[in-house]
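Residue numbering for the sequence shown follows the numbering used here, starting at 101 and increasing by one per position.
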Amino acid sequence: MNQELAAELRRRAETDQAARRHWLATGEVGDLPQIDADNTAWLKAILTEYGWPGISFVGEQGAEDAWLLAQHADQDVPFQKEALKLLRDAVSTGDAPPRHLAYLTDRVLVADGQLQMYGTQYTHDADGTNLRPQPIADSERLDERRAAMSLEPHAEYDERMREG
101 MNQELAAELR RRAETDQAAR RHWLATGEVG DLPQIDADNT AWLKAILTEY GWPGISFVGE
161 QGAEDAWLLA QHADQDVPFQ KEALKLLRDA VSTGDAPPRH LAYLTDRVLV ADGQLQMYGT
221 QYTHDADGTN LRPQPIADSE RLDERRAAMS LEPHAEYDER MREG
C-alpha cells in the first residue's frame with residue numbers, strides 16, 4: 101500500500117470537507133473553488149501516473165478519499181468522465197466500492213443534463229428551499245439499480261438527505 105499517497109488523499113479530503121462544512125454553516129464559499137481546483141489538478145496527475153487509486157493501492161479510506169475528490173471536481177466534467185472510466189474498471193475488479201460508481205455516474209449524468217440512474221444527486225430551488233432529487237431515469241426500477249450498487253432503498257436515502 102502507498103502510505104504517502106493515502107495520507108495525501110486523506111489530507112485533501114479533510115480540507116475539502118472542512119471547506120464544505122464552512123460553506124453550509126455560513127453560506128460563504130470562501131476558498132472552496134480554489135480547493136476544488138487544486139484537488140482536481142492534483143488528482144489528474146495521480147490518475148495519469150497510477151490509474152485509479154483503489155483499495156489495494158491506498159486502502160479503503162484512501163479509495164474513499166479519491167472518490168470524494170473526483171466527485172467534487174464539478175468544474176471539470178471531462179475529467180470526471182475520465183475518472184468515471186477508471187473507477188468503473190476498479191469496481192469491476194473489486195478494487196473500489198460500487199456505491200462510488202453510482203454516485204459519480206449520477207454526478208456526470210446530471211452535469212450533462214441527463215437523467216440520473218441511482219437518485220444520488222439532489223438540488224434546491226434558487227432560494228434554498230424544496231430539496232429534491234434531480235430527475236431520475238426509469239424510477240420504477242430505481243431501488244433495483246440502487247441495490248445492485250450496494251445502496252439503501254431510495255426512500256431511506258431521501259429521508260436521510262432531508263434530515264441533514
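Ideal Cβ positions, reconstructed from N, Cα and C, are used throughout, including at glycine.
Proximity test, Cβ basis, 8 angstroms: residue i and chain D
i: lysine 144; result: The structure shown contains no chain D; it holds only a single protein chain.
Residue i in three-state terms, based on DSSP
i: tyrosine 257; result: helix
i: tyrosine 222; result: strand
i: glutamine 216; result: strand
i: proline 233; result: strand
i: proline 153; result: coil
i: asparagine 139; result: helix
i: aspartate 206; result: helix
i: proline 198; result: helix
i: histidine 122; result: helix
Residue i and residue j closer than 8 angstroms at C-beta
i: alanine 137; j: glutamine 171; result: no
i: glycine 154; j: alanine 163; result: yes
i: leucine 169; j: alanine 113; result: yes
i: leucine 132; j: tryptophan 123; result: yes
i: methionine 217; j: alanine 237; result: yes
i: glutamine 161; j: arginine 241; result: no
Beta-carbon contacts of residue i that lie in its chain and below 6 angstroms, excluding the five residues immediately before and after
i: tryptophan 167; result: His200
i: aspartate 225; result: none
i: glycine 159; result: Met101 and Ala106
i: alanine 183; result: Ala170
i: valine 177; result: Ala211
Cβ-based neighbour list, residue i, same chain, cut-off 7 angstroms, excluding 5 preceding and 5 following
i: tyrosine 222; result: Leu231, Arg232, Pro233, Gln234 and Met261
i: threonine 220; result: Ala202, Tyr203 and Asp206
Buried or exposed (CB count within 10 angstroms, at least 16 for buried), residue i
i: threonine 193; result: exposed
i: glutamine 180; result: buried
i: threonine 126; result: exposed
i: threonine 140; result: buried
i: valine 129; result: exposed
i: arginine 227; result: According to the sequence shown, residue 227 is aspartate rather than arginine. Answer is exposed; the Cβ neighbour count stays below 16.
Close-in-space but distant-in-sequence residues of the same chain around residue i (CB under 8 angstroms, 5 per side omitted)
i: alanine 196; result: Trp152, Gly154, Ile155, Ala163, Trp167, Leu187 and Ala190
Three CB pairs or more closer than 8 angstroms across the stretch 243-263 and the stretch 208-215: no
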